[in-house]
Amino acid sequence: MSNIRTIHRTQPSFPTMDGAGVKLKRVFSHQETSLLDPFLLLDAFGSENPDDYIAGFPWHPHRGIETVTYMLEGLVKHEDSIGNSGILNGGDIQWMTAGRGIIHQEMPQVSEGKLAGFQLWVNLPKSHKLIDPRYQDIQAAKVPEIQLDDGIKIRVLAGDYNDTKGPVKDIIAEPQYLDVEIPSGQTFKHTLKDGHTAFAYVFKGKGKFAPDSDKYFDMDNLVIYNRNGDRIQVTASDDDKLRFLLISGKPINEPIAWAGPIVMNTEEELRIAFEEYRNGTFLKK
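Structure below.
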């Protein structure tokens, strides 16, 4: 018998700065690692003021994680230490597996207008922390978008919705990453893997995220589901359409040692990583 998931916890995002001075909203980070395993961090960025974002994220290292950048609007140029470069446009997604180590930068390419999107960090298990780095750069046109009869729209970035599969492949966390838009008053139902971590982040409108709850959550709120159950049900308010990210994945259940852009299993592994970065041996061949 299938069961509808209940809400474990909700919380608002909070304003902060990162990179070289980019203003953003931090949805979750260090404090929620066990609750949101395998997900480590989610940032939402969005501003029409270039002063809030133009400094970007200059060269910095990563090891032991994957970073996932999903653009809504604007242009960001990325470059890395293994020779990759490209431009992320609105609707594009980049899934970067840092593995044993990569150094990269992400720099806005617009001097006016809105820049908006999200960056998600996904942990790698011990068995995969030192694999070769790689990118999956997916253009917006290659992301399937489903429109249901009731007007609900679903962009399938990773994982699947019914029989439609997203373009991001071969990720150890078995993720689902959906961008869902629900017209006012309509209800969205979706199946998840029982036991997988799942959360929603609202970035437009407001909605009710469980049928047994009368509370509506609006823009900039995170909804964390309990892990038991294999279905969710979300209803948009009667006032406006609702748009949110729905993300789920398989927990790793391993120790985490985390400092800045590097996430390993032990403090000794962290120490080695930063020592290698300082002495120029961080990048492996």
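Oh and the sequence shown: position 276 is 267 in the numbering used here, straight run, nothing missing. For glycine and all other residues, C-beta sits at the position ideal for the given N, C-alpha and C. Keep in mind that this is a model prediction, so the values were computed, not measured.
- Around the Cβ of residue 185, a 10 Å sphere holds fewer than 16 other Cβ atoms; the residue is exposed.
- Residue pairing of residue 261 in beta bridges, as defined by DSSP: absent, with no partner found.
- Under the three-state reduction of DSSP, residue 148 is assigned to strand.
- Proximity to residue 10 across 0, 46 and 152 peaks at 46, based on C-alpha coordinates.
- Positions of the beta strand (DSSP E) runs, each at least 3 residues long and wholly inside the segment 126 to 187, are given as 136 to 138, 144 to 149, 167 to 173 and 178 to 182 in order along the chain.
- Per DSSP, reduced to three states, the secondary structure at residue 57 is strand.
- Note that the C-beta distance between residue 228 and residue 198 is below 8 Å.
- Between residue 106 and residue 36, the C-beta spacing is below 8 Å.
- Of all C-beta pairs linking the segment 75 to 93 to the segment 26 to 34, fewer than three are shorter than 8 Å, placing the two stretches out of contact.
- DSSP, reduced to helix, strand and coil, places residue 22 within a helical segment of the structure shown.
- Assigned with DSSP and collapsed to three states, residue 38 falls in strand.
- Annotated as distal: residue 192 and residue 169, with beta-carbon spacing of 8 Å or more.
- The beta-carbon separation of residue 264 and residue 247, rounded to 14 Å, does not stay under the 8 Å limit for a contact.
- For residue 97, the enclosing beta strand (DSSP E) has its first and last residue at 93 to 99.
- In the DSSP secondary-structure assignment, residue 7 is bridged to 15.
- The DSSP assignment places 197 to 199, 212 to 216, 222 to 227, 233 to 240, 248 to 250 and 253 to 255 as complete runs of the beta strand (DSSP E) inside the segment 191 to 260, in order along the chain (cut-off: 3 residues).
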